[in-house]
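Only one structure is covered here, and it is reproduced in the block below.
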Amino acid sequence: MVGIPGSEFLTAALNVVSQSLQIPVIIFLLAFAIFAVFAFGGLISDYSTRKKLTRQYKEELIFSLVNAGSIEELKNIVNDSGIYDNQKEVLLKIIDAHSLSSDSREAWALNLIEEEEVIMAKSLERVDIVTRIGPTLGLMGTLIPMGPGLAALGSGDVTTLANAIIVAFDTTVVGIGSGAIAYVISKIRRRWYEEYSSNLQLFVNAVLENLGK
């Protein structure tokens, strides 16, 4: 590299780095596309099994939890309810802690709720990553092959340019498509999780009120 000026050396190094990213970008885009398809299938599956609690049902359940006359009755109400199994598990753990002081019970209940929220946040993290990174990788996949393609055009090699344009368009479509699907999934699941968390907080407060009597 003795005869190469500094700027040309840096440009050549930058080109090598850029071109070396093409294969990893394509691999990640394919992985994102597969993930988006499976995540969308999971969304449809969860929608078919999703438990929709009406306002009247939640009101009746809360009154039943607050007015239960014993620990066993309280457990039976929880077990017979139409809420999610994870919500039942949280409520039953709080009921089993009835011997603790009021402050300790509330701290334990808060910890259990936070654990549920962490699980939901982790579930959304992967979808959010695809939402944000998918289009970015699509843009990278568009720009990387265009450099050699335009250089080939300068030397009259139209075939290389055509192949570069095909790769550029394909990566753009896959990146934007994966990001769009992941965005829809994220919005719907976030609304579901907010409803889940809100309902869980209501039920936990009702159980705590009963135990505090």
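Count along the sequence shown from 1, add 449, and you get the number used in our numbering. Even for Gly, the Cβ is constructed at its ideal location relative to N, Cα and C. Quick caveat: nothing in here was measured; it's all calculated off a predicted structure.
Does residue i pass the burial test, meaning 16 or more other C-beta atoms within 10 Å, or should it be called exposed?
i	result
E538	exposed
S469	exposed
G452	For G452, the predicted structure reports a pLDDT of 49, less than 50, and the residue's modelled location is therefore unreliable. The matter cannot be settled from this model.
N560	exposed
G605	exposed
M450	Because the pLDDT of M450 is 44, which lies under 50, any placement of that residue in the model is unreliable, and the question is left without a value.
F481	buried
S627	buried
R640	exposed
E448	A question about residue 448 goes unanswered here, because the residues of the chain that appear run from 450 up to 662.
A617	buried
In whole angstroms, give me the CA-to-CA distance for residue i and residue j.
i	j	result
G587	F512	53 Å
A601	L459	21 Å
T580	L463	28 Å
T609	I476	21 Å
I543	N525	14 Å
L642	I578	Before going further, note that residue 642 is Tyr rather than Leu in the sequence given. About 18 Å.
A546	G531	23 Å
G661	N516	12 Å
M569	Y632	16 Å
Q536	S647	11 Å
I582	T621	12 Å
Y496	D619	31 Å
V576	A485	8 Å
T591	S467	12 Å
S550	L540	17 Å
Rounded C-beta distance between residue i and residue j? I'm assuming under 8 Å.
i	j	result
V653	L478	About 42 Å separates the two Cβ atoms, so there is no contact after all.
K507	L651	7 Å
P584	I625	5 Å
Q471	I593	5 Å
F489	I630	6 Å
N502	L514	According to the sequence displayed, residue 502 carries Leu and not Asn. 14 Å between Cβ atoms; not a contact.
Can you find a C-beta in chain B that's less than 8 Å from the C-beta of residue i?
i	result
A613	In the structure shown, chain B does not exist; there is a single protein chain.
Any heavy atom of the ligand SAM inside 7 Å of the beta-carbon of residue i?
i	result
A485	Looking for the ligand SAM in the displayed structure turns up nothing, as the structure carries no ligands at all.
Exercise. What are the uninterrupted segments assigned as alpha helix (DSSP H) that are 4 or more residues long and contained completely in the stretch 505 to 534, given in chain order?
Worked result: 520 to 529
Exercise. Fully enclosed by the stretch 622 to 648, which alpha helix (DSSP H) runs are 4 residues long or longer?
Worked result: none
Problem set entry | Continuous alpha helix (DSSP H) assignments of at least 4 residues falling wholly in the stretch 580 to 608 | none
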